[in-house]
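Trainee: Per the numbering used here, the very first residue in the sequence shown carries number 440; after that it's consecutive.
Even glycine gets a Cβ: it sits at the ideal position worked out from N, Cα and C.
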Amino acid sequence: MSETTMAPVLGQLLTALAAAPGSAAKFESWTSQGANQPLTAEEVAAAAPAGMLKQLAELAQVSEAEAAASLAEEIPALVDVIPAATIEAFRAAAKIAALTPEEEAAAEQIVAEARTLAAALPQSGSWLGYGPNEPLTEEQLVGALGEDKIAEAAAARGLDRSEVVAELTRTLPMFIDAVSPYGWVDVDVLRFVLAQDDVNVTSA
């Protein structure tokens, strides 16, 4: 497993620990002031998605039991120093199991549309990578989306065509930047957004 896949794998494990009944309260102690409640290797093994410990053990060239014990020792201190915004993402991800089929379908559709748009726009590479986002022009947006799609978005939002074009021209680079932390539009990241109680995401 390469270094580029390590962060998503550990992110999945932290998300599982934030959701698991046996470790959810401990997760909260790691993100607040005061002593960190200890995590056990058994709790790590129980929360880890299928095959994850095997992957991590192979990467570290140790047994699965040793990998679980090492993670149990390291994770509380790791979470203790993770930025608050990232912690909120893990908390949101812990709610993903409650997403409705309609929300799951919306996530897949939004990601498919975002990937199609990114492929059609030359400056999208700057949105997927690090550094400043290159701006999008209204002409480029209209050319990539098409008038029919813009009309649908305007009707869904109750806005004029010009308002929708201006809004999407401004927000599309930021949106694709936000859902591509690993250099590609990631449906799991969008699920984090959909899992937030106060967020309602619809496709363009």
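Using a threshold of 8 Å, state whether the C-beta atoms of VAL604 and GLU577 are closer than that.
Mentor: Contact flag set, yes.
Trainee: Count Cβ pairs between the segment 578-597 and the segment 549-563 that sit closer than 8 Å; are there 3 or more?
Mentor: Cβ pair count under 8 Å is three or more, so yes.
Trainee: Touching or not, the segment 502-519 and the segment 465-472, by the rule of three or more beta carbon pairs under 8 Å?
Mentor: Touching, per the Cβ criterion.
Trainee: What separation, rounded to the nearest whole angstrom, lies between the Cα atoms of GLU503 and GLY490?
Mentor: Their backbone Cα atoms lie some 10 Å apart in a straight line.
Trainee: Measuring straight from C-alpha to C-alpha, what distance separates THR479 and GLY461?
Mentor: So the alpha carbons of these two residues sit roughly 10 Å apart.
Trainee: For GLU482, count neighbouring C-beta atoms within 10 Å of its own C-beta (all shown protein chains included) and say buried if the count is 16 or more, exposed if not.
Mentor: Label assigned to GLU482: buried.
Trainee: Classify THR454: buried if its beta carbon has 16 or more other beta carbons within 10 angstroms, exposed otherwise.
Mentor: Buried is the call here.
Trainee: Could you tell me if ALA595 is buried or exposed, where buried requires 16 or more neighbouring beta carbons within 10 angstroms of its beta carbon?
Mentor: Classification for ALA595: exposed.
Trainee: Taking all protein chains shown into account, do 16 or more other C-beta atoms lie within 10 angstroms of the C-beta of SER619, making it buried, or fewer, making it exposed?
Mentor: When all chains shown are included, SER619 counts as buried.
Trainee: In three-state DSSP terms, what is ASP519?
Mentor: ASP519: helix per DSSP, three-state reduction.
Trainee: Buried or exposed: which applies to LYS493, given that a residue is buried once 16 or more other Cβ atoms fall within 10 Å of its Cβ?
Mentor: Exposed, by the Cβ-count rule.
Trainee: Should PRO571 go down as buried or exposed, given a rule of 16 or more other Cβ atoms within 10 Å for buried?
Mentor: Classification for PRO571: exposed.
Trainee: Can you tell me where the alpha helix (DSSP H) with GLY582 in it begins and where it stops?
Mentor: Per DSSP, GLY582 belongs to the alpha helix (DSSP H) from 577-584.
Trainee: Enumerate in chain order the residues of its own chain whose CB-to-CB distance from VAL628 is below 7 Å, with the five nearest sequence positions on each side excluded.
Mentor: Closer than 7 Å at Cβ, skipping near neighbours: VAL618 and PRO620.
Trainee: Quick one: complete alpha helix (DSSP H) runs, 4+ long, within the segment 543-603?
Mentor: Runs of the alpha helix (DSSP H) inside the segment 543-603: 563-567, 577-584 and 586-596.
Trainee: Since THR470 is in the alpha helix (DSSP H), which residue starts that stretch and which ends it?
Mentor: Note, THR470: alpha helix (DSSP H), 463-470.
Trainee: Which residues bound the alpha helix (DSSP H) around ALA486?
Mentor: Unbroken alpha helix (DSSP H) run through ALA486: 480-486.
Trainee: Counting C-beta neighbours from all protein chains within 10 Å, is the total for ALA486 16 or more, i.e. buried, or is it exposed?
Mentor: When all chains shown are included, ALA486 counts as buried.
Trainee: Could you tell me the alpha carbon to alpha carbon distance between ALA458 and ALA484, rounded to whole angstroms?
Mentor: Answer to the nearest angstrom: the Cα atoms are 14 Å apart.
Trainee: Going by DSSP, what residue range makes up the alpha helix (DSSP H) through GLN494?
Mentor: Looking at the DSSP string, the run of the alpha helix (DSSP H) that includes GLN494 is 491-499.
Trainee: Given a threshold of 16 other Cβ atoms within 10 Å of its Cβ, counted over all protein chains shown, does THR641 qualify as buried or as exposed?
Mentor: With a pLDDT of 42 at THR641, under the threshold of 50, the modelled position of this residue cannot be trusted, and the question is left open.
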